[in-house]
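This report concerns only the one structure given below.
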Amino acid sequence: MKGGETGDVACDHFHRSSDDVKLMADLGLKSYRFSLAWPRIQPDGRGPANEAGLDFYRRLVDDLLAHGIEPWVTLYHWDLPQALEDEGGWPARDTAGRFAEYAEIAHRALGDRVRYWTTLNEPWCSAFLGYGSGVHAPGRSNGADALRAAHHLMLGHGLAVQAMRAAQPDHQLGITVNLYAISPETDSPADADAARRIDALANRVFLDPVLRGQYPADLIEDVREVTDFGHVREGDLAIISTPLSVLGINYYSRYVVGAPDGESTGPYWRAPSNWPGSESVRFGSRGLPVTDMNWEIDAPGLVEVLERVHREYPAIPIYITENGSAFVDKVVDGQVDDPERVAYFDAHLRACSDAIEAGVPLRGYFAWSLMDNFEWAWGYSKRFGMVYVDYDSQVRIPKSSAKWYAEVIRRNGLSPSGSEGQERAQ
1 MKGGETGDVA CDHFHRSSDD VKLMADLGLK SYRFSLAWPR IQPDGRGPAN
51 EAGLDFYRRL VDDLLAHGIE PWVTLYHWDL PQALEDEGGW PARDTAGRFA
101 EYAEIAHRAL GDRVRYWTTL NEPWCSAFLG YGSGVHAPGR SNGADALRAA
151 HHLMLGHGLA VQAMRAAQPD HQLGITVNLY AISPETDSPA DADAARRIDA
201 LANRVFLDPV LRGQYPADLI EDVREVTDFG HVREGDLAII STPLSVLGIN
251 YYSRYVVGAP DGESTGPYWR APSNWPGSES VRFGSRGLPV TDMNWEIDAP
301 GLVEVLERVH REYPAIPIYI TENGSAFVDK VVDGQVDDPE RVAYFDAHLR
351 ACSDAIEAGV PLRGYFAWSL MDNFEWAWGY SKRFGMVYVD YDSQVRIPKS
401 SAKWYAEVIR RNGLSPSGSE GQERAQ
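For the sequence shown, the positions run 1 to 426 when UniProt numbering is used.
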């Protein structure tokens, strides 16, 4: 964790949720997407609920509804109870069953007021950053474990969907996956194959099992020296592909992929990596402007991702559940002007409009994020929020992007040139 920072306080939403909901209402938000903390509700990952933990979410949901804001609940955003990690974590099959039990508890407590439920947020990060490269918690580095974790995350997702649908058939149930536009660095066959490999590990490793009920054949071949998929049992893929109401997509950038340099260690070699079986691929760039995360800004890539999912997979309503940018924000005379973030949102919302015109069943868009917050391995060094948070005083300052976004909501659309909203934000 950068600087040894922790998420113990972060933006202190736990104690300030009432004021934060009022801020959302002032901005005109119609929906608010947030996650539940499994350890807060079930500290040991099994057994009865911690009612005090559930009470916080009950109050938050009631407050949102009182302000006319639709709650969108995510059950899992990477915080596994430590007791379950000590027993093996997501590479252990039992964790999938424990997750389904937790989902039932949360759904039973909030399902009378919450209609929209997401099982997992970005399971790729949980599996491949948590157990592949070890960049995220729990910091384990084993390719086979990463692939087992991915499977058991999806299994837990499927079991949770089945349980929640049995209880409330009319609820909107989905999963959120982080997807990338992927391009080869050159037109060479080697670069094309490298891009195919990363597409399998970044995108299709979740899309295919969840939406088609099968793993990509090329992925199985790519990772045959890492795992034989012996952890996949009969009936698993039928559970994993339990029909969904919606699909959430998080989009930030594009991967430009090249083949490995040289052959001294073979074309692909084993090392701790996000990409088991394809560890030595190269990642390049298109020379586009970047955010503070060093991610290239590529709004056309969002159209590519949306059109690809619509073209290649069974029809399903889609929501952009995360899209946003980190930039270096400065407070000047009590204000934060962030024109780069405004331009980012404007470009990506226009990309959404283009996708809708092309026939993509895109139903909604959630910006990442409302407030600056704790950004995992980056700690507090990266700011994605439309609202600036002074972590010492906990003062919230709506940035110019928040004011611009409020105008987009008020209009229910963008101005023809994008300039009107920027002018109103100043």
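Yeah, the Cβ is synthetic: ideal placement off N, Cα and C, and Gly gets one too.
Nearest candidate by alpha-carbon position, reference residue i, set the options
i: A49; options: A103, T95, R148, R254; result: A103
i: I41; options: H13, P91, R197, L75; result: L75
i: G277; options: A194, E234, V328, E296; result: A194
i: L155; options: F374, D94, Y32; result: D94
i: Y131; options: A146, W124, G287; result: A146
i: N250; options: Y180, F206, D354; result: Y180
i: A299; options: Y252, V336, G287; result: Y252
i: K2; options: V135, V305, E304; result: V135
i: A358; options: L302, D19, G89, L60; result: L302
i: V305; options: V328, E340, G248; result: G248
i: R212; options: A202, S188, E234, I239; result: I239
i: V331; options: R396, E407, R59, R33; result: R396
i: D12; options: E340, D390, E407; result: D390
i: D392; options: F384, D372, S141; result: D372
i: G7; options: I105, A137, D228; result: A137
i: I356; options: F14, R98, E340, R311; result: R311
i: E340; options: G334, M386, R140; result: M386
i: G139; options: Q82, Q214, L414; result: Q82
i: R59; options: P289, L288, G334, F14; result: F14
Within 8 Å, strictly: CB atoms of residue i and residue j
i: R363; j: P416; result: no
i: Y365; j: I320; result: yes
i: V226; j: G143; result: yes
i: F374; j: A10; result: yes
i: D79; j: P43; result: no
i: A149; j: S126; result: yes
i: S273; j: E279; result: yes
i: I409; j: K22; result: no
i: H152; j: P91; result: yes
i: N412; j: A367; result: no
i: G354; j: S401; result: A quick correction: the sequence has Asp, not Gly, at residue 354. No. Outside cutoff.
i: R350; j: E296; result: no
i: R16; j: Q394; result: yes
i: A163; j: A100; result: yes
i: H107; j: A167; result: yes
i: S35; j: H77; result: yes
i: M293; j: K399; result: no
i: Y380; j: E85; result: no
i: H157; j: T186; result: no
i: V328; j: R197; result: no
i: S18; j: D55; result: no
i: F345; j: S369; result: no
i: A406; j: L27; result: yes
i: V256; j: F229; result: no
Expected contact under 8 Å - CB spacing of residue i and residue j to nearest Å
i: V342; j: W275; result: Incorrect: roughly 34 Å between the Cβ atoms, too far for contact.
i: T242; j: V161; result: 5 Å
i: D222; j: A200; result: 6 Å
i: L159; j: A96; result: 6 Å
i: A347; j: T291; result: Not confirmed; about 12 Å, so no contact.
i: Y313; j: L237; result: Contact flag wrong, Cβ pair sits at about 15 Å.
i: L219; j: V205; result: 6 Å
i: V61; j: E122; result: 23 Å between Cβ atoms; not a contact.
i: W124; j: A202; result: 7 Å
Residue i: CB within 7 Å of a non-hydrogen atom of the ligand GTP
i: R98; result: The ligand GTP is not part of the structure shown, which contains no ligands of any sort.
Runs of beta strand (DSSP E) wholly within the segment 145-181 (minimum 3 residues, chain order): none
Cβ contact (3+ pairs, closer than 8 Å) linking the segment 105-116 and the segment 57-71: yes
Complete runs of the alpha helix (DSSP H) confined to the segment 69-100 [at least 4 residues]: 82-86
Given 8 Å, three or more beta-carbon pairs between the segment 243-259 and the segment 163-182: yes
Stretch pair the segment 376-387 + the segment 351-362: three plus CB contacts closer than 8 Å: no
Complete runs of the beta strand (DSSP E) confined to the segment 284-330 [at least 3 residues]: 318-322
Every unbroken beta strand (DSSP E) within the segment 104-132, with a cutoff of 3 residues, ordered by chain: 116-121
Completely contained beta strand (DSSP E) runs for the segment 331-379, where each covers 3 or more residues: 362-365
Complete alpha helix (DSSP H) runs within the segment 27-65 (minimum length 4 residues, chain order): 38-41
Contiguous alpha helix (DSSP H) assignments of at least 4 residues, all confined to the segment 224-270: 236-240
In chain order, each alpha helix (DSSP H) run of at least 4 residues that lies wholly inside the segment 375-418: 400-411
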